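Colleague:
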Ligand code: A3P
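In the numbering used here, the protein residues as written are 17 to 307.
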């Protein structure tokens with residue numbers, strides 16, 4: 017049986033105890049100038065963005081993208097070495113450049129070497145309600161995460177920021193501010209869903225890459241929800257079998273904008289909206305909760 021994680025805090029941000037215990041290693045991570053960081057709040061579309069970036073880097077070669085699972089292709093900076101498919105040791109020392117690295121850390125906890133090296137970062141944000149719904153189901157199926165409690169309880173935890181990787185509100189706002197100081201491409205899940213080709217073009221430009229229309233079409237096709245859901249190298253069915261139970265809720269669950277409407281009661285929605293207004297009053301950041 018897998019034990020659900022206990023949590024701790026780093027600078028007031030909730031993280032798993034095991035991440036807290038290796039925090040020095042994470043904080044002192046040595047970035048290289050050509051590292052690309054994909055940063056997100058958990059469940060905002062990380063895997064989708066990773067697959068898109070890899071398809072671009074492999075010039076649309078589907079076979080090359082299936083060389084390994086997404087977790088092995090792009091190491092997860094935050095994970096303790098024992099739990100990571102690619103341990104920190106190889107991540108920091110032997111993994112050849114250029115590396116693409118994934119993180120869920122809020123901007124203030126990103127290892128300072130990434131800024132010193134002026135690394136590029138792609139940040140993807142998803143509207144709070146869909147992000148929350150996805151996070152809830154992920155906690156149900158991933159037995160290594162803390163018990164989410166009931167849906168009602170999880171909404172409360174999310175609103176108070178007492179969930180893994182901390183407050184969604186602080187996360188999206190912090191990265192939004194940071195984009196004016198660093199090389200950060202800030203994308204939205206909703207835009208990717210509405211017009212994938214246009215958002216892929218943004219990533220291409222940011223990475224200073226060019227592909228022809230045929231390759232672009234291939235990337236759009238292979239990064240669609242329907243294709244990724246069936247791709248064992250992207251849908252997390254090939255590893256973490258001991259902790260992820262896809263029969264409870266698949267990792268590739270719905271991949272939609274607006275699924276929150278199937279979860280929130282009218283009262284929950286009203287309370288959430290009121291709280292949201294207060295928490296987001298100090299930002300110019302605007303999200304769409306439906307398309
Ligand atoms: P849902 O639970 O709403 O379906 P992450 O990769 O950050 O953990 O995010 C997972 C969420 O992104 C899940 O949301 C998953 O279904 C969705 N997702 C993954 N690939 C996608 C794709 N190609 N298109 C749209 N959504 C995708």
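Note that beta-carbon positions come from the ideal geometry of N, C-alpha and C, so glycine has one too.
On a predicted model such as this, the values are computed, not experimentally measured, just so you know.
1. Residue range of the alpha helix (DSSP H) that residue 282 falls in?
2. Should residue 176 go down as buried or exposed, given a rule of 16 or more other Cβ atoms within 10 Å for buried?
3. Does the Cβ of residue 158 have 16 or more other Cβ atoms within 10 Å, making it buried, or fewer, making it exposed?
4. Is it the case that the stretch 160–169 contacts the stretch 69–83, given that we only count it when at least three CB pairs across the two stretches are under 8 Å?
5. Rounded to a whole number of angstroms, what is the C-alpha to C-alpha distance between residue 239 and residue 251?
6. Any heavy atom of ligand 2 closer than 7 Å to the CB of residue 59?
7. Quickly, what does DSSP pair residue 28 with across the bridge? List them, please.
8. Taking a contact to mean a Cβ-Cβ separation below 8 Å, would you say residue 114 touches residue 50 in this structure?
9. Between residue 192 and residue 57, is the Cβ-Cβ spacing less than 8 Å?
10. According to DSSP, simplified to helix, strand and coil, what is residue 171?
11. For residue 281, count neighbouring C-beta atoms within 10 Å of its own C-beta (all shown protein chains included) and say buried if the count is 16 or more, exposed if not.
12. Can you confirm whether the stretch 143–160 touches the stretch 207–217 when touching is taken to mean that 3 or more C-beta pairs between the two stretches lie within less than 8 Å?
13. What's the C-alpha gap between residue 217 and residue 132?
14. Check whether the Cβ atoms of residue 199 and residue 134 lie closer than 8 Å to each other.
15. Check whether the Cβ of residue 270 lies closer than 7 Å to any heavy atom of ligand 1, and answer yes or no.
16. Residue 252 lies in the beta strand (DSSP E); which residues open and close that run?
Modeller: In this structure, then:
1. 282–295
2. Under the 10 Å beta carbon count, residue 176 is surrounded by fewer than 16 other beta carbons and is classified as exposed.
3. buried
4. no
5. 12 Å
6. What this structure holds is ligand 1, not ligand 2.
7. Residue 28 is not bridged to any residue.
8. yes
9. no
10. helix
11. Here residue 281 is exposed. Its C-beta has fewer than 16 other C-beta atoms within 10 Å.
12. Touching, no, given that fewer than three Cβ pairs across the two stretches are closer than 8 Å.
13. 27 Å
14. yes
15. yes
16. That residue, residue 252, is in no beta strand (DSSP E); it is neither H nor E in DSSP.
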